[in-house]
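K.L.:
One structure follows; several queries about it will come next.
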Amino acid sequence: MKRLTLALAFAALIPIANAVEYTQIQTDKSAINFVYKQMGVAVDGKFKKFSSQLSFDPAKPTAAKASFDVELGSVDTGAPEGDQEVAGKAWFNTKAFPTARFVSGTVKALGGNKYEVAGQLSIKGKTQDVVVPATFTAQGNTGVFDGSFIIRRADFTIGEGSWAKFDIVANDVQIKFRITASSK
Amino acid sequence: MAVKHYTGTAKVLHWLMAILLFGLLALGSYMQDLPLSPEKLQFYSWHKWAGVSAFLLVLLRLLWRITHRPPALPETMPKLLQFAAHAGHLALYGLMLAIPLSGWLMSSAKGFQTVWFGVLPIPDLLDKNKELGDLLQTVHMSLNLLFVVVLLGHIGAALKHHFIDKDDILIRILPRHSKEN
Numbered sequence: 514m515k516r517l518t519l520a521l522a523f524a525a526l527i528p529i530a531n532a533v534e535y536t537q538i539q540t541d542k543s544a545i546n547f548v549y550k551q552m553g554v555a556v557d558g559k560f561k562k563f564s565s566q567l568s569f570d571p572a573k574p575t576a577a578k579a580s581f582d583v584e585l586g587s588v589d590t591g592a593p594e595g596d597q598e599v600a601g602k603a604w605f606n607t608k609a610f611p612t613a614r615f616v617s618g619t620v621k622a623l624g625g626n627k628y629e630v631a632g633q634l635s636i637k638g639k640t641q642d643v644v645v646p647a648t649f650t651a652q653g654n655t656g657v658f659d660g661s662f663i664i665r666r667a668d669f670t671i672g673e674g675s676w677a678k679f680d681i682v683a684n685d686v687q688i689k690f691r692i693t694a695s696s697k
Numbered sequence: 318m319a320v321k322h323y324t325g326t327a328k329v330l331h332w333l334m335a336i337l338l339f340g341l342l343a344l345g346s347y348m349q350d351l352p353l354s355p356e357k358l359q360f361y362s363w364h365k366w367a368g369v370s371a372f373l374l375v376l377l378r379l380l381w382r383i384t385h386r387p388p389a390l391p392e393t394m395p396k397l398l399q400f401a402a403h404a405g406h407l408a409l410y411g412l413m414l415a416i417p418l419s420g421w422l423m424s425s426a427k428g429f430q431t432v433w434f435g436v437l438p439i440p441d442l443l444d445k446n447k448e449l450g451d452l453l454q455t456v457h458m459s460l461n462l463l464f465v466v467v468l469l470g471h472i473g474a475a476l477k478h479h480f481i482d483k484d485d486i487l488i489r490i491l492p493r494h495s496k497e498n
């Protein structure tokens with residue numbers, strides 16, 4: 514019995530000894546950008562304000578958890594009149610739906626520094642399952658997550674009415690992120 | 318006296334560009350004050366596609382102009398007016414080159430790459446820069462205003478030659494009538 518207790522204690526200790534858990538997002542070194550296509554022209558945009566809760570231990574990636582809240586009103590579409598337009602009802606309708614939210618589900622380690630995060634993305638009252646590939650690079654006490662995935666704006670009724678057709682603004686929108694997090 | 322005409326190619330290029338440039342001027346001045354809509358984005362794309370096309374046509378036209386000397390101006394024209402005519406044409410060519418270039422640079426600086434007919438991306442020479450984009454917008458508009466002024470002079474001069482001087486300046490850029498040949 515004593516042995517078992519000791520073994521358990523060790524088993525519990527080992528991960529703690531190795532664990533570097535990244536939990537503190539450094540917003541100034543993080544970015545959520547997107548690329549949309551307008552009549553064949555790729556245009557860059559970004560969200561200036563977002564917050565996140567994160568816990569990621571490279572030794573236990575499947576236990577990782579992440580959630581993101583993106584303030585949709587902080588959008589930069591690349592043109593001031595575009596920023597106003599997409600805040601409106603036809604696009605994000607930020608008055609009724611001020612934030613987009615991502616909540617992680619299962620996390621798969623794909624080997625190397627590659628991971629796949631399944632999760633749910635909610636925008637404008639619509640929730641969709643998404644799979645987000647990400648790489649993780651540790652640099653001492655900070656780690657950087659990089660990745661991109663594609664969403665279809667129509668899945669979230671982003672761009673209704675005269676904007677609903679995809680000949681002017683394409684359906685596919687690429688979301689690119691770089692999240693820098695530090696351990697405590 | 319037989320009219321010394323421009324070459325057929327020069328005439329086609331002249332009138333093709335006349336139609337294209339009037340269309341570009343009209344669309345350009347109309348679209349800029351529109352509220353944002355799918356149509357507005359479509360107009361901007363069309364304007365940029367047409368602008369790139371006009372630029373390529375101007376290059377072709379310059380090449381033709383350099384290799385094919387146009388008919389001389391009438392002997393009866395005062396030297397000063399002959400000089401003004403040459404200066405006017407030089408200004409038109411210069412503006413036809415500078416205006417699409419300024420539009421292209423403006424698009425780059427504003428972060429909207431020009432993709433010809435939505436298929437062929439024209440490289441961005443400038444990085445996105447709001448101040449520079451606004452400056453180039455002013456440059457693009459000013460050059461166009463200047464172009465309209467020179468164009469009015471060009472049309473006015475052609476009409477003066479035809480109706481007041483009664484020479485063949487206007488005739489020689491018009492399609493040949495079958496009875497002349």
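So the protein sequences, as listed, match chains A and B.
With the numbering used here, the residue at position 152 of the first sequence is 665, and numbering never jumps.
With the numbering used here, the residue at position 21 of the second sequence is 338, and numbering never jumps.
In this text, a Cβ means the ideal position worked out from N, Cα and C, and glycines have one as well.
(1) Kindly list, in the order they appear in chain B, the residues whose Cβ is closer than 7 Å to that of A/Ser675.
(2) DSSP on A/Phe690, reduced to helix/strand/coil?
(3) Please state the DSSP three-state secondary structure of B/Tyr281.
(4) Using C-beta distances below 6 Å, list every residue in its chain close to A/Ala683, excluding the 5 sequence neighbours before and after it, in chain order.
(5) Leaving aside the five residues before and after B/Gly340 along the sequence, list all residues of the same chain whose C-beta is less than 8 Å from its C-beta, in chain order.
(6) Assuming A/Ile692 and A/Ser543 form a contact by the criterion Cβ under 8 Å, report the distance between their Cβ atoms to the nearest whole angstrom.
(7) When you compare the CB of A/Leu526 with every CB in chain B, is at least one pair closer than 8 Å?
(8) With a threshold of 7 Å on Cβ separation, who are the neighbours of B/Lys357 within its own chain once the five nearest residues in sequence on each side are excluded?
(9) Give the secondary structure of B/Asn461 by DSSP, where H, G and I count as helix, E and B as strand, and everything else as coil.
(10) Alpha carbon to alpha carbon, what distance is there between A/Phe615 and A/Ala631?
(11) For A/Arg665, which of helix, strand or coil comes out of DSSP?
(12) Considering Cα atoms alone, identify which of A/Phe690, A/Asp680, A/Gln687, A/Gly672 is closest to A/Val599.
(13) For a contact meaning CB atoms closer than 8 Å, what does A/Ala555 contact in chain B?
(14) Count the other CB atoms, across all protein chains shown, that sit within 10 Å of the CB of A/Gln641; report buried if there are 16 or more and exposed otherwise.
(15) Helix, strand or coil for A/Leu623, going by three-state DSSP, please let me know.
(16) Beta-carbon within less than 6 Å of B/Ala474's beta-carbon, same chain only, minus the 5 sequence neighbours each way: which residues are those?
(17) Are A/Pro571 and A/Phe649 touching if we call contact CB-CB under 8 Å?
(18) Could you check which residue in B/Ala319, B/Ser346, B/Trp363, B/Arg378 has the C-alpha nearest to that of B/Leu409?
(19) What residues from the segment 338 to 367 of chain B come within 7 Å of chain A, judged by C-beta to C-beta, listed N to C?
(20) Taking 8 Å as the CB-CB limit, is B/Gly420 close to chain A?
(21) Give, in chain order, every residue of the segment 436 to 451 of chain B whose Cβ lies closer than 7 Å to some Cβ of chain A.
(22) Apart from the five residues just before and just after B/Ala415, which ones in its own chain have a Cβ nearer than 7 Å to its Cβ?
(23) Closest to B/Ala465 by C-alpha separation, out of B/Gly450, B/Gly405, B/Val320, B/Val369, would be which residue?
(24) Taking B/Val369 as part of the alpha helix (DSSP H), name the residues at either end of that continuous run.
(25) Exposed or buried, which one is A/Gln566 when buried takes at least 16 other CB atoms within 10 Å?
(26) Quick check on the burial criterion: 16 or more other C-beta atoms within 10 angstroms. Buried or exposed for A/Ile529?
(27) Cβ closer than 8 Å: which chain B residues qualify as neighbours of A/Gly595?
(28) Is the segment 468 to 484 of chain B in contact with the segment 436 to 443 of chain B, if contact means three or more CB pairs nearer than 8 Å?
(29) Whole angstroms are fine: how far does the CA of B/Ala335 sit from the CA of A/Asn546?
P.N.:
The structure says:
(1) The answer, in chain order, is Ser354, Pro355.
(2) strand
(3) For residue 281 of chain B there is no data in the structure shown, the boundaries of chain B being 318 and 498.
(4) Lys550
(5) Ala367
(6) Yes, A/Ile692 and A/Ser543 are in contact; Cβ-Cβ is about 5 Å, under 8 Å.
(7) Reliability fails at A/Leu526, whose pLDDT of 49 lies under 50, so the model's placement of it is uncertain and the value that follows must be treated cautiously. No, because no Cβ of chain B sits closer than 8 Å to the Cβ of A/Leu526.
(8) Met348, Leu351
(9) helix
(10) 10 Å
(11) strand
(12) Nearest of A/Phe690, A/Asp680, A/Gln687, A/Gly672 to A/Val599, Cα basis: A/Gly672.
(13) Gln430
(14) Counting Cβ neighbours within 10 Å, A/Gln641 comes out exposed, since fewer than 16 surround it.
(15) Taken through DSSP and simplified to helix, strand or coil, A/Leu623 comes out as strand.
(16) Cβ within range, chain order: n/a, list empty.
(17) Yes, these two residues count as a Cβ contact at 8 Å.
(18) Per the Cα distances, B/Arg378.
(19) Leu353, Ser354, Pro355, Leu358, Gln359, Ser362
(20) no
(21) Val436
(22) Around B/Ala415: Leu460.
(23) Looking at the sequence provided, one finds Val at residue 465 of chain B rather than Ala. When each option's Cα is compared against that of B/Val465, the closest is B/Gly405.
(24) 355 to 384
(25) Exposed, because fewer than 16 other Cβ atoms sit within 10 Å of the Cβ of A/Gln566.
(26) Low per-residue confidence applies at A/Ile529: pLDDT is 47, beneath 50, and the placement is therefore not dependable, though the value from the model is reported in the following sentence. Burial call: exposed.
(27) By Cβ distance, chain B contributes Leu353.
(28) no
(29) 43 Å
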